[in-house]
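The structure appears below as structure tokens.
There are 2 protein chains.
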Amino acid sequence: MSVKESYAGKINRKLNKKLHVIEVASGREKADLVLKNATYVNVFSNELCHGDIAVAEGLIVGMGEYSGIEEVDVTGKIVLPGFLDAHIHLESSLVNPKEFAKAVLAHGTTTVITDPHEITNVMGTDGIEYMLQATEDLPVDVRFMLPSCVPATPLDESGANLDYRAIDSFYDHPRVQGLAEVMNSYGVIHSDAEVVSKIVASQAHHKKIDGHAPGLVGNDLNAYVAAGVYSDHECSDLDDAIAKLQRGQFIMIREGTAARNLEALVPLLCDKYVERCMFCTDDKHPSDLLEKGHIDYIVKKAISLGAEPITAIKAACHNAARYFLLNNRGAIAPGYLGDFVVIDNFDDFNIELVFKRGELMCDHGVVADFDTPEIDAYLVNRAHNTFHVKELSADDFIDVRPRGVLGMVSGEIITTDAGYSDKIDVAKDILKIAVIERHKNTGHIGLGYIKGYGLKSGAVATSITHDSHNIIVVGTNEADMAAAVNRVVELNGGIVVLKDGVPTAEVPLAVAGIMSDEPLTTVNEKLEYAKAKAYEAGVSKGIDPFMTLSFTALPVIPALRITTRGVFDVNSQQYI
Amino acid sequence: MSVKESYAGKINRKLNKKLHVIEVASGREKADLVLKNATYVNVFSNELCHGDIAVAEGLIVGMGEYSGIEEVDVTGKIVLPGFLDAHIHLESSLVNPKEFAKAVLAHGTTTVITDPHEITNVMGTDGIEYMLQATEDLPVDVRFMLPSCVPATPLDESGANLDYRAIDSFYDHPRVQGLAEVMNSYGVIHSDAEVVSKIVASQAHHKKIDGHAPGLVGNDLNAYVAAGVYSDHECSDLDDAIAKLQRGQFIMIREGTAARNLEALVPLLCDKYVERCMFCTDDKHPSDLLEKGHIDYIVKKAISLGAEPITAIKAACHNAARYFLLNNRGAIAPGYLGDFVVIDNFDDFNIELVFKRGELMCDHGVVADFDTPEIDAYLVNRAHNTFHVKELSADDFIDVRPRGVLGMVSGEIITTDAGYSDKIDVAKDILKIAVIERHKNTGHIGLGYIKGYGLKSGAVATSITHDSHNIIVVGTNEADMAAAVNRVVELNGGIVVLKDGVPTAEVPLAVAGIMSDEPLTTVNEKLEYAKAKAYEAGVSKGIDPFMTLSFTALPVIPALRITTRGVFDVNSQQYI
């Protein structure tokens with residue numbers, strides 16, 4: 199029988215750890231680990247300091263002269279605090295959190311703040327629960343912001359519809375830091391009680407609230423900030439960022455896969471502004487994670503763009519930690535977590551060693567093995583059974599009425615209004631596009647046309663469809679469209695490139711239809727192969743065959759979007 | 199019958215307030231108050247900004263162009279956030295919290311963090327409760343750090359003995375920010391479980407822990423910081439401060455009545471260090487509060503010593519607010535409290551208007567009236583009955599054995615070891631000193647001698663006796679000593695100057711024997727009069743007749759102290 203720990207028992211347990219820390223710090227006992235002769239970044243005095251760094255109980259206990267049971271000589275290297283990603287949707291890596299952790303550990307990241315917005319749009323609060331379990335005790339500390347916009351818009355048909363009360367109990371979880379990006383800025387500044395009550399509830403729990411409000415200015419921005427939104431990661435120009443910073447918002451400088459704002463915002467990395475700035479990626483796709491890196495890539499790029507190294511490093515660790523009230527990390531000082539990154543020098547910025555709570559987790563790119571978090575069988579089963587849609591046939595896609603045509607724009611996710619069509623015309627690059635509601639077996643299929651995608655044969659389908667993750671398909675004929683969608687359903691989610699009824703490439707994404715059960719490198723290989731197959735089938739070079747599609751169903755980006763109810767004009771806010 | 203508010207009811211109440219804030223911020227409704235044409239300090243962008251500042255529901259809702267039900271034109275003035283005192287013992291003002299609040303409001307202070315260490319040494323947890331009630335809803339927001347050292351040392355006979363469990367329930371109070379200055383640094387670095395468990399418990403409640411460790415260096419300092427002590431206000435030289443700051447402690451630059459460190463620490467007020475610095479007073483005596491001011495005085499002095507004004511102002515408000523996680527104050531930005539100070543300019547720094555939550559509380563030195571907090575009759579009665587000591591006679595002070603002589607040092611609170619004496623010798627300035635235990639009727643009276651005090655006739659007694667607040671008396675004869683002590687007891691506490699059995703001056707301090715029920719100006723007049731009478735009776739000019747005495751019983755300051763058990767040698771840690 200397990201006995202619940204008493205308060206006195208808990209204090210006594212923590213006391214004993216603390217007394218050990220004190221014994222080691224004062225030099226009376228040996229440290230568990232000492233980084234000898236370290237040159238380290240001091241984020242408090244904004245300088246490089248020198249000395250041994252001693253660790254006990256997973257915590258830094260002191261800097262100075264120490265001896266340890268294990269000693270690592272870091273002469274000539276630079277020791278930094280582990281990095282924090284202030285805002286990411288972990289699902290965007292397409293892999294499970296353990297695989298994600300392995301990838302970012304190698305790049306020096308020891309804490310990420312994730313918004314499980316994608317999986318929650320599929321699985322509702324079970325999605326939050328799944329991600330909490332899938333990240334428990336990972337050597338990258340994964341903290342959560344609760345999705346604020348499920349569904350993302352009233353037009354979306356997602357897997358759940360969450361009000362403030364639905365997410366409320368999660369605020370008590372020790373790894374929940376607050377409410378994630380409040381995308382519905384229009385709702386906030388126009389006193390929409392549903393969205394504002396979510397902010398109010400997060401505040402009532404003394405939690406943080408992140409923002410998402412590109413281009414908001416003046417009194418509207420005042421209203422959004424006054425409502426209680428403490429940060430923004432959508433600034434793509436400096437004036438926008440400074441206006442928000444002046445009103446007290448923290449600025450998350452975003453440099454990810456889909457959006458890259460560092461170059462525009464690098465002037466913020468100076469004495470005047472840096473205290474209010476941190477880094478985030480928002481989305482990191484597999485190849486980007488594997489090839490470029492993570493927060494280390496941002497720091498390196500910031501330095502190359504002229505930022506002072508210590509300033510950039512503060513934004514990469516300390517400032518995010520303070521914002522999220524994670525006051526035991528983001529610095530090398532007594533009492534802080536033993537989360538370290540050892541690099542060669544600021545110019546090359548090669549990551550040699552990464553420690554998490556004093557454990558060496560990555561040695562020159564080789565990541566140590568660690569336990570896979572156990573996930574409740576109910577949740578595993580739930581995550582692998584998220585498709586509720588009947589088998590489709592060509593007839594489901596046949597339609598005689600004229601429908602709007604989404605015009606693709608090379609290198610962008612916006613679309614143009616390319617008029618109407620009532621049939622596929624491959625020669626003129628008029629293809630059919632459809633979104634199939636897949637959460638609740640409603641039978642809703644929205645039809646339209648697309649121009650500029652370039653596909654010459656077969657069909658391409660994906661279950662990554664922001665933000666509701668229905669199935670989106672583009673085809674040169676209805677039979678292949680039906681076959682591609684059926685195959686996605688059969689896989690419990692994924693990406694399918696198909697011709698004449700036969701898949702030519704597949705990326706299975708069986709976890710909620712948005713993440714894979716396979717290793718990151720495997721997923722990346724399959725994805726790159728599928729991309730190649732899609733290009734081979736004619737997809738235009740300026741278009742990412744899958745990511746661009748994933749955004750065509752998000753009814754907040756101009757001009758035309760395809761929804762489960764048909765083509766929607768974002769500018770006029772009407773179905774056309 | 200009062201009905202407990204449901205969670206849904208609470209959220210709805212807060213939502214309605216928030217929607218009003220949004221309506222005003224967006225310009226759709228009039229503000230309650232607008233400061234028109236403001237030039238204000240922006241602590242985020244570190245510059246002066248310009249615009250109207252609008253307030254609703256006591257909160258700043260926006261800066262820009264606004265109209266209000268009430269408008270105050272502040273053209274040509276500078277608007278600052280209200281000031282915070284990061285560490286004070288409010289009892290040191292000798293008046294009740296309402297009187298204290300009136301005094302500091304006039305100087306632009308809108309939040310203070312108090313450690314009710316003095317009253318708690320008298321009344322135990324009832325003292326904490328008394329101060330919480332006496333500060334409820336004051337227009338100066340009074341936040342608490344729970345006394346960590348009651349009694350201050352094992353040698354003290356104070357009114358209570360508090361372990362971690364005794365103060366634990368107070369952490370749930372919404373105005374308790376953590377554990378107050380951990381003075382027993384020796385205990386911490388030597389793994390004293392009793393003091394360390396207090397730190398552990400405060401951490402378990404996710405609260406702050408303040409420090410007090412003058413001169414601690416090296417691995418001892420590491421141990422103290424690693425134990426979980428987040429700040430220090432005892433730095434009197436720059437190297438000490440930088441060593442602590444480098445280890446992650448926040449530095450409270452203290453400039454109060456008894457200790458003044460600003461001049462030594464003003465170099466911290468620069469870009470490199472300021473983020474980790476704030477201001478505090480620790481102790482402010484009546485005349486000092488009335489004549490010099492409070493945090494405004496520190497800012498003004500810092501500017502005169504060369505600090506950049508905006509840097510000094512950040513230390514006076516924003517940095518303390520962030521440290522204590524009071525994230526709704528210390529800045530002029532949407533969502534922050536409408537706590538403002540309007541000054542003429544940075545050079546003269548005259549405070550013209552002070553607003554608390556959007557209410558004008560001080561207009562050119564005239565403080566608006568406000569309600570006196572109601573205090574539980576039990577606590578009021580308890581606070582006024584803290585003397586438990588029988589009537590004394592000259593015989594109680596007669597002693598034939600030789601006792602140690604405390605040597606007073608002009609302008610200091612340290613003493614020298616001035617040998618032994620077995621009798622009073624007024625001609626040689628050898629007077630008798632005694633401490634009378636007064637909390638528990640133990641009959642303990644510690645006797646000794648004192649040299650350098652200068653009194654030529656009668657006796658001086660006070661119940662302000664750091665930190666246990668027993669009664670201390672110095673006399674030229676035993677009969678007057680007994681009479682002075684009896685009079686202190688009769689008053690339920692206070693300061694008495696007496697000659698030939700008749701008081702020549704008195705300062706009644708009937709609240710726990712350390713605070714008055716009278717207005718600050720009255721207390722100040724009585725105190726100044728009593729001082730004059732003491733000097734008239736011969737007290738040496740370099741000695742503060744009462745404050746110096748108050749410290750002679752604190753057995754942590756070298757060389758000799760007088761305790762309820764006799765003369766104690768701090769250096770050899772022995773009774774002599």
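Line by line, the protein sequences give chains X and A. All residue numbers for the first sequence refer to the numbering used here, where the first residue is 199 and numbers rise by one. All residue numbers for the second sequence refer to the numbering used here, where the first residue is 199 and numbers rise by one. Virtual Cβ for every residue (Gly too), placed ideally from N, Cα, C. Please read these numbers as outputs of a predicted model, since none were measured by experiment.
When DSSP states are grouped into helix, strand and coil, proline 484(A) belongs to the helix group. Shown here, glutamate 327(X) sits in a helix according to DSSP, grouped into three states. Per DSSP, the unbroken alpha helix (DSSP H) holding arginine 685(X) starts and ends at 676-688. Per the C-alpha coordinates, the member of Glu392(X), Lys405(X), His371(X), Val293(X) positioned closest to proline 349(X) is Glu392(X). Taking a 10 Å sphere around the C-beta of glutamate 245(X), we find fewer than 16 other C-beta atoms and assign the residue as exposed. Note on the region 578-643 of chain X: there is no whole alpha helix (DSSP H) run with a minimum of 4 residues. Rounded to whole angstroms, the separation of the alpha carbons of isoleucine 712(X) and leucine 604(X) is 24 Å. Scanning the region 410-475 of chain A from its first residue to its last, the whole beta strand (DSSP E) runs of 3-plus residues come out as 448-452. Residue contact check for aspartate 418(A) against chain X: a CB pair falls below 8 Å. Of the candidates Thr719(X), Ile774(X), Asp542(X), Asn517(X), the residue whose Cα lies closest to the Cα of histidine 562(X) is Asp542(X). Straight-line measurement puts the Cα of alanine 708(A) at about 60 Å from the Cα of cysteine 433(X). Against chain X, a Cβ distance below 9 Å from aspartate 469(A) picks out Asn244, Asp469, Lys470. Listed along chain A, no residue sits closer than 7 Å to asparagine 294(X) by beta-carbon distance, the nearest being about 31 Å off. Under the three-state reduction of DSSP, isoleucine 267(A) is assigned to strand.
Taking 8 Å as the CB threshold, lysine 490(X) stays off the interface with chain A. Three or more Cβ pairs drawn from the region 628-640 of chain A and the region 352-365 of chain A lie within less than 8 Å of each other, which places the two stretches in contact. Across the structure, leucine 377(A) and serine 661(X) are spaced so that their CA atoms are roughly 52 Å apart. Not one beta carbon of chain A lies nearer than 8 Å to the beta carbon of valine 464(X). The alpha carbon of tyrosine 264(X) has as its nearest neighbour, out of Thr273(X), Ala252(X), Ile258(X), Lys275(X), the alpha carbon of Ala252(X). Lysine 654(A) and threonine 614(A) have their C-alpha atoms roughly 21 Å apart.
For tyrosine 495(X), the CB contacts under 8 Å within the same chain, skipping 5 residues up- and downstream, are His305, Glu453 in chain order. Interface criterion not met: the Cβ of isoleucine 311(X) is under 8 Å from no Cβ in chain A.
By the criterion of a C-beta distance shorter than 6 Å, methionine 381(X) is surrounded in its chain by Cys347, His410, once the five residues flanking it on both sides are discounted. Judged by DSSP secondary structure, methionine 559(A) falls within the beta strand (DSSP E) whose first and last residues are 557-561. Secondary structure of aspartate 767(X) (DSSP, three-state): strand. If you look at arginine 341(X), you'll find it isn't in any alpha helix (DSSP H); it sits in the beta strand (DSSP E) that goes 339-344.
A distance below 8 Å separates the beta carbons of alanine 659(A) and isoleucine 670(A). Buried is the label assigned to isoleucine 317(X), since at least 16 other Cβ atoms lie within 10 Å of its Cβ.
The beta carbon of lysine 216(X) sits closer than 8 Å to some beta carbon of chain A. When beta bridges are read from the DSSP output, glutamine 772(X) appears opposite Asp767(X). When rounded, the separation of the alpha-carbon atoms in cysteine 478(X) and aspartate 339(X) is 15 Å. Annotation: the continuous alpha helix (DSSP H) that includes glutamate 221(X) extends over 205-223. A direct Cα-Cα distance of roughly 19 Å separates serine 291(A) from leucine 689(A).
One alpha carbon belongs to glutamate 489(X), the other to alanine 462(A), and they sit about 51 Å apart.
Interface annotation for the region 224-251 of chain A against chain X: Ser224, Gly225, Asn240, Phe242, Ser243, Asn244, Cys247, criterion Cβ-Cβ distance under 7 Å.
Counted as a single uninterrupted DSSP element, the beta strand (DSSP E) harbouring arginine 759(A) occupies residues 758-761.
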